[in-house]
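Colleague: One structure follows; several queries about it will come next.
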Amino acid sequence: MNQRELPEHPDFLWANPEPRRSYDVVIVGAGGHGLATAYYLAKHHGITNVAVLERGYIAGGNMARNTTIIRSNYLWDESAAIYEHSLKLWEGLEDELGYDVFFSQRGVLNLAHTLQDVRDSVRRVEANRLNGVDAEWVDPQQVKELCPIINIGDDIRYPVMGGTYQPRAGIAKHDWVAWGYARRASDLGVDIIQNCEVTGFVIEGGRVTGVETSRGRINAGKVALCAAGHTSVLSELAGFRVPIQSHPLQALVSELHEIIHPTVVMSNHVHVYVSQAHKGELVMGAGIDSYNGYGQRGSFHVIEHQMSAAVELFPAFSRAHLLRTWGGIVDVTMDASPVMGRSPVDGMYVNCGWGTGGFKAVPGAGYAYAHTIATDEPHELNRGFGLERFVSGALIDEHGAAAVAH
């Protein structure tokens, strides 16, 4: 794996206009999903009178507070379809946007440490193959060949009994993804309004007609919520509730090292996942903190647990120094699958509940959400992810394939 030089940036990648009095579509949230939705609305549906409102700055939320893992090896048909479509879009995204997002298809290993892990993993591989997702089962020696620094000895607490491997999976640079979508959306006529907090909604006769913001009222033909863990706050302002809980999820990076970790390794059982970023820092994460909250930091015991797991699996990391930690706010549904579709308010749409899978879904979610907004009907990719499933019972339980935190 070669380190790549960062290209030079122009002074400004997108325009920063003042908000107009009205738009055909107002998108709340300028993270990856909001920006991708605006881009695909403009490109595929010709809807360019669009504003993306962000209470802070572009990609200042979860988009810049994740570990950038991209994969599509989910268990159920609905999940595999949207994540695989997203992965295919990732594979052509740099050409699509004319912008380098540093997408690196280095593969993802999901380790198995118990007989039940093995059974579940093999089941998922077979389900992936039926859905056209590249996935394979690898034994401990093949794990070692894919990642030579991993410890596959049988004298550790959780011996490696094999794992699933998706060769096309990988990582990208999260902020560059956001900037690429923002640049192209702006070029197509979309207004990106930063430092503009939504404080309420104007609803008349059961239909949304505008948003109240810290910069005044903005009239809207349609409103699309795209605010991840804060979607529940916004939906209550609109008079309905969404079935999500918001939790802190923390991650950390080490100081810079020579490139020694060639792939991405994840482990449900010992609660750690590790990759090495383009510059050389080790990027590590674990499970969510159990409490609900919006603080962008987590508990020390979670870091302690993931570090002990990482050192056991990768003895070479024992002398690596921690550089910094951060936390994002993940929005988790009861079935670990997202919500995307129409809301109880006419003209308002909701996209949330991606938990820890939001980054990898950016292109596919934006593509499907734009279709839903433009046509007022779900795309085939998100038809199963509507709010109504929590009434009908047609849940899509991805707790297993969502892995430790992905």
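Using the working numbering, the letters of the sequence shown map in sequence onto residues 2 to 407. Don't be surprised by glycine CBs; every beta carbon is placed ideally from N, CA and C.
#1: Would you report the Cα separation of Asp140 and Tyr274, rounded to the nearest angstrom?
#2: Excluding the 5 residues preceding and the 5 following Leu110 in the sequence, name in chain order all residues of the same chain whose CB lies nearer than 8 angstroms to its CB.
#3: Once you ignore the five residues that flank Ala136 on each side, which residues in its own chain have a CB closer than 8 angstroms to its CB?
#4: At which residues does the alpha helix (DSSP H) containing Gln246 begin and terminate?
#5: Which residues does DSSP pair with Cys353 in a beta bridge?
#6: Can the beta-carbon of His270 be found less than 9 angstroms from the beta-carbon of His114?
#7: State buried or exposed for Ser233, treating a residue as buried only when at least 16 other CB atoms are found within 10 Å of its CB.
#8: In angstroms with no decimal places, state the Cα-to-Cα distance between Arg384 and Gly30.
#9: Which one or two residues does DSSP pair with Leu112 in a beta bridge?
#10: Excluding sequence positions up to five away, which residues of its chain have a Cβ less than 7 angstroms from the Cβ of Leu42?
#11: Checking 9 angstroms against the spacing of the C-beta atoms, do Pro249 and Gly217 come in under that value?
#12: Terminal residues of the continuous alpha helix (DSSP H) containing Leu14?
#13: Going by Cα to Cα distance, which pick from His279, Phe13, His400 is closest to Ala173?
#14: Note down, one range per segment and in chain order, each alpha helix (DSSP H) of at least 4 residues found wholly within the region 25-59.
#15: Whole angstroms is fine: what's the gap from Ser300's alpha carbon to Asp121's?
#16: Return helix, strand or coil for Met285, following the three-state DSSP convention.
#17: Check whether chain D comes within 9 angstroms of Glu205, counting only Cβ atoms and requiring the distance to be less than that.
#18: Inspect the CB distances between the region 385-397 and the region 337-347 and report whether three or more fall short of 8 angstroms.
#19: Output the boundary residues of the alpha helix (DSSP H) element that contains Phe301.
#20: If you measure between the beta carbons of Ala186 and Ala369, is that distance less than 9 angstroms?
#21: So, with DSSP's three-state summary, where would you put Glu205?
#22: Ends of the alpha helix (DSSP H) at Lys89?
#23: Check the DSSP bridge columns for Leu226 and list the partner residues they point to.
#24: Any idea if Glu378 is buried or exposed, counting beta-carbon neighbours within 10 angstroms, 16 or more meaning buried?
#25: Is the beta carbon of Ile330 closer than 9 angstroms to that of Gly281?
#26: On the three-state DSSP scale, how would you describe Tyr75?
#27: Considering just the uninterrupted stretch of the beta strand (DSSP E) at Leu324, what are its terminal residues?
#28: Since Asp192 is in the alpha helix (DSSP H), which residue starts that stretch and which ends it?
#29: By Cβ distance, which residues of its chain are closer than 8 angstroms to Val303, with the 5 residues on each side in sequence left out?
#30: Buried or exposed for Thr334, going by 16 or more other Cβ atoms inside 10 Å?
#31: Does DSSP classify Thr210 as helix, strand or coil?
#32: Given a threshold of 16 other Cβ atoms within 10 Å of its Cβ, counted over all protein chains shown, does Phe202 qualify as buried or as exposed?
#33: Considering only C-alpha positions, which residue in the set Ala60, Asp101, Glu205, Phe103 is nearest to Gly240?
#34: Ignore the nearest five residues each way along the sequence and tell me which others in Leu189's own chain have a CB closer than 6 angstroms to its CB.
#35: Using only alpha-carbon positions, find the residue among Val392, Ala395, Glu381 that is nearest to Ala82.
#36: Ignore the nearest five residues each way along the sequence and tell me which others in Lys361's own chain have a CB closer than 7 angstroms to its CB.
Modeller: So, from the data block:
#1: In the sequence shown, the residue the question calls residue 140 occupies position 139. In the sequence shown, the residue the question calls residue 274 occupies position 273. When rounded, the distance between both Cα atoms is 19 angstroms.
#2: Residue numbering aside, residue 110 sits at position 109 when the sequence shown is read from its first letter. Same-chain partners within the cutoff: Val139, Val144, Leu147, Cys148, Gly164, Thr165, Tyr166, Thr264, Val265, Val266, Met267.
#3: Within the sequence shown, numbered from 1, the residue matching residue 136 stands at position 135. Taken in chain order, the residues that qualify are Asn74, Arg125, Val126, Asn129, Arg130, Thr165, Tyr166, Gln167.
#4: Here residue 246 corresponds to residue number 245 of the sequence shown, with the count starting at 1. Counting along the chain, Gln246 falls outside any alpha helix (DSSP H), though it belongs to the beta strand (DSSP E) covering 246-257.
#5: Here residue 353 refers to the residue found at position 352 of the sequence shown. DSSP, once it has assigned bridges, lists Val340 as partnering Cys353.
#6: In the sequence shown, counting from the first residue as 1, residue 270 sits at position 269. In the sequence shown, counting from the first residue as 1, residue 114 sits at position 113. In this structure, His114 lies closer than 9 angstroms to His270 by Cβ.
#7: Position 232 of the sequence shown holds residue 233. Buried is the call here.
#8: Residue mapping note: residue 384 aligns to position 383 of the sequence shown, counting from 1. Residue mapping note: residue 30 aligns to position 29 of the sequence shown, counting from 1. C-alpha separation (whole angstroms): 22 angstroms.
#9: Numbered from its first residue, the sequence shown carries residue 112 at position 111. Its beta-bridge partners are Gly164, Ser268.
#10: In the sequence shown, the residue the question calls residue 42 occupies position 41. For Leu42, where only same-chain residues beyond five positions count, the Cβ hits under 7 angstroms are Val26, Ile48, Val51, Ala371, Ile374, Ala375.
#11: Here the question's residue 249 lines up with position 248 in the sequence shown. Here the question's residue 217 lines up with position 216 in the sequence shown. No, they are not a contact pair.
#12: Counted from its first residue, the sequence shown places residue 14 at position 13. From DSSP, Leu14 is part of no alpha helix (DSSP H); its letter is neither H nor E.
#13: Here residue 173 corresponds to residue number 172 of the sequence shown, with the count starting at 1. When each option's Cα is compared against that of Ala173, the closest is His279.
#14: 33-46
#15: Sequence index remark: in the sequence shown, residue 300 carries index 299 (1-based). Sequence index remark: in the sequence shown, residue 121 carries index 120 (1-based). Cα-Cα distance, rounded: 30 angstroms.
#16: In the sequence shown, residue 285 corresponds to position 284, counting from 1. Three-state result, Met285: strand.
#17: Considering every chain present, this structure includes no chain D. It has just one protein chain.
#18: yes
#19: For the purposes of this step, residue 301 is taken as the residue at position 300 of the sequence shown. Unbroken alpha helix (DSSP H) run through Phe301: 301-314.
#20: As a working note, residue 186 is residue 185 in the sequence shown. As a working note, residue 369 is residue 368 in the sequence shown. No, the Cβ-Cβ distance between Ala186 and Ala369 is not below 9 angstroms.
#21: Counting from one through the sequence shown, the residue named residue 205 turns up at place 204. Reduced to three states, the DSSP call for Glu205 is strand.
#22: Translated into the one-based positions of the sequence shown, residue 89 becomes position 88. Run containing Lys89: 78-92, per the alpha helix (DSSP H) assignment.
#23: Against the sequence shown, residue 226 aligns to sequence position 225. Paired residues: Val29, Val351.
#24: Here residue 378 corresponds to residue number 377 of the sequence shown, with the count starting at 1. Answer is exposed; the Cβ neighbour count stays below 16.
#25: Indexing the sequence shown from 1 puts residue 281 at position 280. Indexing the sequence shown from 1 puts residue 330 at position 329. Not a contact, by the Cβ cut-off of 9 angstroms.
#26: Residue mapping note: residue 75 aligns to position 74 of the sequence shown, counting from 1. DSSP places Tyr75 in coil when its eight states are reduced to three.
#27: Taking the first residue of the sequence shown as position 1, residue 324 is located at position 323. Unbroken beta strand (DSSP E) run through Leu324: 323-333.
#28: As a working note, residue 192 is residue 191 in the sequence shown. That residue, Asp192, is in no alpha helix (DSSP H); its beta strand (DSSP E) goes 192-194.
#29: The sequence position of residue 303 within the sequence shown is 302, counting from 1. Around Val303: Gln251, Ala287, Gly288, Asp290.
#30: Numbered from its first residue, the sequence shown carries residue 334 at position 333. The residue in question, Thr334, is buried, as its Cβ has 16 or more Cβ neighbours within 10 Å.
#31: If you number the sequence shown from 1, residue 210 lands on position 209. Three-state result, Thr210: strand.
#32: Here residue 202 is taken as the residue at index 201 of the sequence shown, counted from 1. Phe202 is buried by the Cβ-count criterion.
#33: Along the sequence shown, one-based indexing puts residue 240 at 239. Cα-wise, what sits closest to Gly240 is Glu205.
#34: As a working mapping, residue 189 is identified with position 188 in the sequence shown. Once the five neighbours on either side are set aside, the close Cβ partners of Leu189 are Ala43, Thr49.
#35: Here residue 82 refers to the residue found at position 81 when the sequence shown is read from its first residue. Closest option to Ala82, Cα to Cα, is Glu381.
#36: Your numbering for residue 361 matches position 360 in the sequence shown. Ile70, Ile71, Arg72, Tyr84, Ser87.
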